[in-house]
Amino acid sequence: FDLEAEKAWSYAPERGNVVFASAMHCWAFRISDFASLIAVKMGANQNNIQRVLWGDWAFNKKTKRVQRWDAQVSRGKPMFVEFVLQQLYGVYQAAYRTLNLEHLQKMQAQIPAWSSIDLG
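Numbering (this note's numbering), first residue to last: 503 to 622.
Okay, structure coming up:
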């Protein structure tokens, strides 16, 4: 059994070798995509954010630190839910459920890839 070979062929979002995607809605991302956005916003190291963005980690807003997340004890949400899934839900809510152009325009200003989209 070769542990290094096993590691090389294993998939893990925090290692950057997993892509989350929707072919129907034409989007895809890796953890590193969100990690870079979050790192800039928080003034943190992107590699550190990428390491804790997936798995049992939560962001404590009071202490501004990352801590282990336990469903039985923790009040907050895992970082992936808070920083990724909730953001995706917000886009779907604004674009498909309510068609909230004002909200979409605010999002557009923060997402470089959306700069060429005409929301008018």
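Note that beta-carbon positions come from the ideal geometry of N, C-alpha and C, so glycine has one too. Remember, predicted model here, so these are calculated numbers, not experimental data.
### Query
Identify the residues that DSSP records as bridge partners of Pro614: which are they?
In the sequence shown, counting from the first residue as 1, residue 614 sits at position 112. Partner(s): none; Pro614 has no beta bridge.
Outcome for Phe536 when other beta-carbon atoms lying within 10 angstroms are tallied against a minimum of 16:
Counted from its first residue, the sequence shown places residue 536 at position 34. Buried, since its Cβ has 16 or more Cβ neighbours within 10 Å.
Query raised in the report: Based on Cα-Cα distance, which residue from Gly592, Lys608 and Trp556 lies nearest to Lys476?
Result: Given a span of 503 to 622 for the chain in the structure shown, any question on residue 476 remains unanswerable.
Run of the alpha helix (DSSP H) containing Ala537, from where it starts to where it stops: Counting from one through the sequence shown, the residue named residue 537 turns up at place 35. Counting along the chain, the alpha helix (DSSP H) containing Ala537 begins and ends at Ile533 to Met544.
Open item on the list: Pairs of beta-carbons, one from the segment 594-613 and one from the segment 558-565, closer than 8 Å: are there three or more?
Closed with: no
Check: If you draw a straight line from the alpha carbon of Ile619 to that of Tyr591, how long is it in whole angstroms?
Finding: As a first step, residue 619 must be located in the sequence shown, where it is residue number 117. As a first step, residue 591 must be located in the sequence shown, where it is residue number 89. Spanning the two alpha carbons is a distance of roughly 19 Å.
message: To the nearest angstrom, how far is the alpha carbon of Val554 from that of Ala514?
response: The count along the sequence shown starts at 1 and reaches residue 554 at position 52. The count along the sequence shown starts at 1 and reaches residue 514 at position 12. Going by the C-alpha atoms only, they are around 12 Å apart.
What is the rounded straight-line gap between the Cα of Phe531 and the Cα of Ala523?
For the purposes of this step, residue 531 is taken as the residue at position 29 of the sequence shown. For the purposes of this step, residue 523 is taken as the residue at position 21 of the sequence shown. Taking the straight line from one Cα to the other gives about 6 Å.
From the DSSP output, read off the bridge partner residues of Asn562. Indexing the sequence shown from 1 puts residue 562 at position 60. Partner(s): Arg567.
Subject >> Backbone CA spacing between Leu606 and Leu621 [nearest angstrom] >> reply: Here residue 606 is taken as the residue at index 104 of the sequence shown, counted from 1. Here residue 621 is taken as the residue at index 119 of the sequence shown, counted from 1. Taking the straight line from one Cα to the other gives about 8 Å.
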